[in-house]
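Structure first, then comments.
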Ligand SMILES: Cc1cc2nc3c(=O)[nH]c(=O)nc-3n(C[C@H](O)[C@H](O)[C@H](O)COP(=O)(O)OP(=O)(O)OC[C@H]3O[C@@H](n4cnc5c(N)ncnc54)[C@H](O)[C@@H]3O)c2cc1C
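In structure tokens form, the structure reads like this:
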């Protein structure tokens with residue numbers, strides 16, 4: 002825990018950061034470390050935004066929203082000393098795909114064991130699996146380079162920009178011919194089409210393709226979803242590529258570690274303090290006004306909120322160029338995901354004939370066939386939640402007993418699809434929330450028939466709830482879709498991908514900026530470093 006207050010110590014700061022999400026906190030830490038006076042202003046009673054741990058039922062800690070971590074930048078952990086501030090990542094050991102009436106497919110950390118599992122369904126797939134992993138690993142090293150620097154600016158003739166593009170092209174040059182073609186296919190194909198060039202068997206195909214749709218409003222057969230697969234090969238924990246893990250104590254511990262780092266460098270954080278608007282005088286941001294009317298001045302205002310909320314709610318269209326407003330309105334949020342968190346009296350029985358529960362220690366994906374996942378998308382396309390959704394489940398208490406009382410467990414189910422815009426209207430979500438939660442539990446029940454007997458408490462979160470709780474527009478988990486037309490120099494919009502905005506002294510630092518959503522810390526870090534080198538603060 003950190004001790005926070007709801008009133009700032011003074012009335013003026015070098016920088017005010019709106020929103021205490023993990024990116025806002027990382028940004029605050031870097032600016033404070035550089036000697037700036039910094040205030041973070043968070044509307045909720047706790048910091049973390051979409052990365053929080055909450056004790057919704059006594060003794061059970063839910064990672065309310067985000068639940069696994071992989072892309073958090075290792076250099077940020079080192080530079081901000083986050084381990085000293087309590088960050089601990091527990092690597093995930095397995096990926097399990099249950100199939101009703103079967104042993105399902107488990108992919109283990111041990112590659113021999115994984116090959117044997119896949120061979121049950123296809124010898125050919127088993128023999129290609131490692132080769133595929135190696136190719137994706139090489140491609141992800143290229144992508145990793147992009148997420149660790151500011152986005153290139155292809156329209157600029159500035160020599161520095163041209164050199165950056167040249168450096169990137171040189172990385173591409175290191176690929177052999179086959180890998181270059183693979184890269185182009187990855188950027189353009191659907192997850193299923195891309196994977197079908199390698200593999201043939203179900204459940205392997207939907208199990209792997211499923212990671213291409215997380216947080217998108219696309220189906221596994223929609224072009225553009227293959228690229229998202231790469232994110233799942235980019236993870237890095239303690240130098241090991243492709244590793245996903247749990248944050249000990251829940252994902253909120255990541256945010257708390259960032260907050261503690263920021264405080265240790267002298268930043269201030271206030272909570273229960275919702276910002277009403279940014280004060281703009283003659284095209285320059287000069288401070289913020291809270292909903293309670295308090296007015297706080299700043300040399301620079303930095304928004305950790307999504308682009309839509311920042312510009313259309315905090316700034317106002319009248320302060321911005323028309324073309325910029327048009328682009329921000331076109332920026333796609335389209336929330337498509339929900340979450341069901343369960344407090345369990347015991348571990349449910351997965352009825353797969355597998356001994357013990359080692360195979361349940363990683364993520365459990367409910368995606369028994371390609372058609373199953375595509376059908377789940379069909380319902381969402383026409384404004385309904387999936388009756389049989391794609392689920393990505395974790396039971397973190399198996400790896401981290403601190404999140405549940407002894408012998409008891411927490412289960413988190415990430416749900417795709419739950420469209421924000423129901424055909425009856427987004428505001429009908431409160432009436433449909435229970436039915437949505439039941440559809441998720443019915444789906445789990447097909448693999449774990451006694452799940453209902455184990456439930457002590459359930460928390461059902463629709464995209465409408467995500468928006469209400471965190472401010473994420475339309476409940477989009479990444480502050481805007483991670484589709485190719487909204488990435489790199491196009492995030493959030495063309496010509497404004499470098500954390501600056503058309504308002505002088507207003508900057509951005511959240512997931513709506515390059516390199517995008519997920520627990521990375523990268524937008525916060527890159528924004529702070531850009532401001533410090535370009536005199537932004
Ligand atoms: C359900 C869900 C599951 C996810 N799962 C994963 C996962 O497993 N792994 C992963 O890597 N990523 C996951 N993500 C994505 C990831 O959590 C986000 O991309 C990331 O946390 C966003 O961080 P941020 O700091 O950019 O913004 P946010 O977390 O959105 O922070 C913005 C902050 O601003 C505050 N705020 C809003 N309005 C105001 C206001 N008016 N005044 C003051 N403060 C305000 C909010 O309360 C919030 O704290 C998930 C997200 C969700 C919602």
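In the numbering used here, the protein residues as written are 2 to 538.
Where a beta carbon is used, it is the ideal one built from N, C-alpha and C, also for glycine.
At a cut-off of 8 Å, the beta-carbon of residue 472 counts as near ligand 1: some heavy atom of the ligand is closer than that.
Residue 526 has its Cβ no nearer than 8 Å to any heavy atom of ligand 1. Residue 151 and residue 411 have their alpha carbons spaced roughly 38 Å apart.
In this structure, ligand 1 has a non-hydrogen atom nearer than 8 Å to the beta-carbon of residue 67. With respect to the C-alpha of residue 441, the residue from 454, 466, 428 and 415 having the closest C-alpha is 415.
Counting of Cβ neighbours within 10 angstroms places residue 112 among the exposed residues, the total staying below 16.
The continuous stretches of alpha helix (DSSP H) do not include residue 509, which lies in the beta strand (DSSP E) extending over residues 507 to 509.
Secondary structure in the segment 118 to 157: no beta strand (DSSP E) run of 3 residues or longer lies completely within the stretch.
Annotation for residue 374: no beta strand (DSSP E) segment contains it, though the alpha helix (DSSP H) segment containing it runs 371 to 382. Here the segment 473 to 483 does not lie against the segment 132 to 139, with fewer than 3 beta-carbon pairs under 8 Å apart. At a threshold of 8 Å, residue 23 counts as near ligand 1, since its beta carbon sits closer than that to one of the ligand's heavy atoms. Residue 21 sits close to residue 48, with the two beta carbons spaced by under 9 Å. Under DSSP, residue 338 shares a beta bridge with 417. Bounds of the alpha helix (DSSP H) holding residue 185 are 178 to 189. Looking at the DSSP output, residue 364 sits in a beta bridge with 96 and 395. In terms of CA proximity to residue 538, 14 leads the group 14, 72 and 128.
Inside the segment 194 to 242, DSSP marks whole alpha helix (DSSP H) runs of 4 or more residues at positions 205 to 210 and 226 to 232, from first to last along the chain. Between residue 511 and residue 524 a beta carbon distance of about 6 Å is seen, short of the 8 Å cut, so the two are scored as contacting. For residue 531, no beta strand (DSSP E) run applies; the uninterrupted alpha helix (DSSP H) run containing it begins and ends at 523 to 534, by DSSP. Considering only 74, 505 and 82, the residue with the shortest C-alpha distance to residue 299 is 505. Contact between residue 212 and residue 193 does not hold, since the beta-carbon distance rounds to 12 Å and is not under 8 Å. In the three-state DSSP reduction, residue 45 falls in the coil class, being neither helix nor strand. Short note on residue 52: C-beta closer than 8 Å to some heavy atom of ligand 1. If you look at residue 32, you'll find it in the alpha helix (DSSP H) that goes 23 to 34. Out of 458, 520 and 501, the CA that lies nearest to the CA of residue 57 is found in 458.
Of all alpha-carbon atoms in 344, 362, 373 and 210, the one lying nearest the alpha-carbon of residue 107 is that of 362.
With fewer than 16 neighbouring CB atoms inside 10 Å of its own CB, residue 173 falls in the exposed class. Excluding the 5 residues flanking it on each side, residue 247 has same chain C-beta neighbours closer than 6 Å at 91, 397, 400 and 401, in chain order. In the three-state DSSP reduction, residue 255 falls in the helix class (H, G or I).
Judged by DSSP secondary structure, residue 278 falls within the beta strand (DSSP E) whose first and last residues are 276 to 282.
In this structure residue 6 is exposed. Its beta-carbon is surrounded by fewer than 16 other beta-carbon atoms within 10 angstroms. Relative to ligand 1, even the nearest heavy atom lies 8 Å or more away from the CB of residue 417. Of the heavy atoms belonging to ligand 1, at least one sits nearer than 8 Å to the Cβ of residue 43. Sixteen is the threshold: when 16 or more other Cβ atoms of the shown chains lie within 10 Å of the Cβ of residue 390, as they do, the residue is buried.
Of all C-beta pairs linking the segment 23 to 35 to the segment 432 to 450, fewer than three are shorter than 8 Å, placing the two stretches out of contact. Between the segment 333 to 349 and the segment 199 to 208 there are fewer than three inter-stretch CB-CB distances shorter than 8 Å, so the stretches are not counted as touching.
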